[in-house]
Amino acid sequence: MISAIQWIRKGVAAEQPEKYKLDESELEKIGKIAADRLGEAKVDLANAQKGGDMDIDSDDSENEDAVHEKDNDMREYDLETEDIAEAEAEPGKFMNRKDLAYYQNEEDDPYITLKNEDDEAEEMEEMRVLPTDNMMLAVKTEDDVSQLEVYVYEREENNLYVHHDVMLPSFPLCLEWLDFHTGDKAGQEGSGNYVAVGTFEPDIEIWNVDMVDAMLPQAILGSSNPATAGAKPKKKKSKKANSNYHVDAVMDLSWNKQHRNFLLSSSADTTVKLWDLNNATCVQSYSHHNDKVQAVAWNPVEATAFVSGGYDKSICVLDARSPDNVTRWTIESDVESIVWDPHNPTNFYLAMENGMVQYYDVRVVANGAGGKAIFTLQAHDGAVSALDVNPVVPNCIATGSTDKLVKVWNTTDNRPSMVSSRNFELGHVFSAKFCPDEAMELAISGSEGKIHIWDMKSNAGVRQAYNISA
């Protein structure tokens, strides 16, 4: 299944991606992370033994008996003595052979046939991303293996293919593209090409999309940051919500396009956290929900305002600088997603588990409580698991659902009407995103693990509703 997708604009990606190089500093990072994971595993084992969950005494005695019995069976062959004698008779029999030597540089190894220049040039051409190409990000799980897939979409050939992929540590729930340099590239001028990924783990991984065959994220937001991991023995992470990092699944992410070093995350630990990408640390934690926080989104115009929604059946709008000043709406069902209207930035769309879509104006408030929805739409028979607003064409939204349908709605004059309803055989629809470069292209994904790009101009209802020529 594909749980989330996102477009990348044309011209953002590096034309020639960088190949990952495993140097000493990268090996050191891997070692620190491994030591950190090992320390946590030891704490888990110690806690289990201390709690009496494991009856190890009887197992140890049985294992010791088995080992002694095996030793007695093998002793008659006296293999150990034979090995020692053979080693003394022919010292260095194998270790002096030149063909077993380790070559730091593969070019020096006569037994490795390297690609010639033509092969390397062909591979580089295959990895090339043209300025006319869109890229697409997708997080996919198949047979309990999760990965981030980076696609290239060649529009003229209608060709969507996987350019490269990255293994993920756990089932992915969300992703967010960003261009701010972080990790060991923090402080560099210009913009980059990165993606933040939230999973069932409490840490947020940020990957460099322009890096192929990467083994480590560019940065990790949370308590397992490679910069500090493994520095000293650590206690087991506290499962209690705190102000420094998440302790449960990361359910949504939102990057601030105006203050580009800020990233918001919402979590099943009931908190929303504000991260500074300059140093990969949490600078503010918000606790205005009392259940899992499913969705969070920065306002596209007011740079410090954001909206969040949770399983406590509430929507909250607040200024990141004033965490105690919260405007709250009480709703009928659990939140699935929230999207600001870029054409009316004081308004947002809300998708819910009960199949409803609602449209709100944040200015309609009374005594800290949000006002009634501008309109309520029964969009689907199942949960509205996908929602997006066309960034170019006003009054055009798309919804997708666990009922396997994708629908386009015309919301002109706040009187929504269905323009088209399609089943693309993608299973339960989990994500639908409008292309930022082509107004009438919609990417859709779902439980079947496939992505479909729908040219909406091919639909007569869409052409008529938005006065588009074929």
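Sequential numbering of the sequence shown, starting at 225, is according to the working numbering.
Ideal placement from N, C-alpha and C gives every residue a C-beta, glycine not left out.
Keep in mind that this is a model prediction, so the values were computed, not measured.
According to DSSP, residue pairing for residue 611 in a beta bridge involves 623. Under a 10 Å Cβ-count criterion, residue 490 is classified as buried, with 16 or more other Cβ atoms of the shown protein chains found around its own Cβ.
Distance from the CA atom of residue 390 to the CA atom of residue 614, rounded to whole angstroms, is 29 Å.
DSSP, read as helix, strand or coil, puts residue 463 in coil.
Residue 407 places its beta carbon 8 Å or farther from that of residue 521.
For residue 422, the enclosing beta strand (DSSP E) starts and ends at 418–423. Here DSSP, grouped into helix, strand and coil, assigns residue 392 to coil. Residue 400 sits buried, since 16 or more C-beta atoms from the chains shown fall within 10 Å of its C-beta. Annotation: residue 687 is outside any beta strand (DSSP E); the continuous alpha helix (DSSP H) that includes it extends over 684–689.
Residue 515 sits close to residue 536, with the two beta carbons spaced by under 8 Å. Counting only the Cα atoms, residue 492 lies some 27 Å from residue 601. Considering only 678, 640, 655, 665, the residue with the shortest C-alpha distance to residue 646 is 678.
In the DSSP assignment, no residue is bridged to residue 673.
DSSP places residue 540 in the uninterrupted beta strand (DSSP E) bounded by 538–543.
Each residue's CA atom was taken as its position, placing residue 584 and residue 362 some 29 Å apart. Per DSSP, the beta-bridge partners of residue 402 are 418. At the C-beta level, residue 599 and residue 566 stay beyond 8 Å of one another. Taking a C-beta distance under 8 Å as the contact criterion, residue 670 and residue 226 qualify as a contact pair. Taken atom to atom, the span from the alpha-carbon of residue 692 to that of residue 621 is near 16 Å. Judged by DSSP secondary structure, residue 365 falls within the beta strand (DSSP E) whose first and last residues are 358–366. Here the alpha carbon of residue 580 sits roughly 27 Å from the alpha carbon of residue 421. Here residue 508 has 498 as same chain residues with Cβ atoms under 6 Å from its own Cβ, once five neighbours each way along the sequence are excluded. In the displayed model, residue 351 falls within a helix according to three-state DSSP. The secondary-structure analysis by DSSP pairs residue 505 across a beta bridge with 500.
Note on residue 241: 16 or more other CB atoms within 10 angstroms of its CB, so buried under the neighbour-count rule. In the DSSP assignment, residue 646 falls within the unbroken beta strand (DSSP E) covering 641–646.
The beta strand (DSSP E) runs of length 3 or more contained entirely in the segment 530–600 are, from start to end of the chain, 538–543, 550–554, 559–564, 571–576, 580–585.
When the beta-carbon positions are compared, residue 364 and residue 624 stay at least 8 Å from each other. If you check the CB distance, residue 553 and residue 524 do not come in under 8 Å. Rounded to the nearest whole angstrom, the CA to CA distance from residue 657 to residue 243 is 29 Å.
The segment 420–435 makes contact with the segment 465–485: 3 or more CB pairs, one atom from each, lie closer than 8 Å.
Annotation for residue 445: 428, 499, 504 place their beta carbon closer than 6 Å to its own, counting only its chain and skipping 5 residues before and after. Separation of residue 351 and residue 496 (C-alpha to C-alpha, rounded to the nearest whole angstrom) is 38 Å. The beta carbon of residue 577 sits closer than 7 Å to the beta carbons of 557, 558, 560, 607 from its chain, once the five residues preceding and following it are set aside; these are given in chain order. In this structure, 582 is the residue among 582, 438, 370, 591 with its C-alpha nearest to the C-alpha of residue 638.
Here residue 635 is buried, its C-beta having at least 16 other C-beta atoms within 10 Å.
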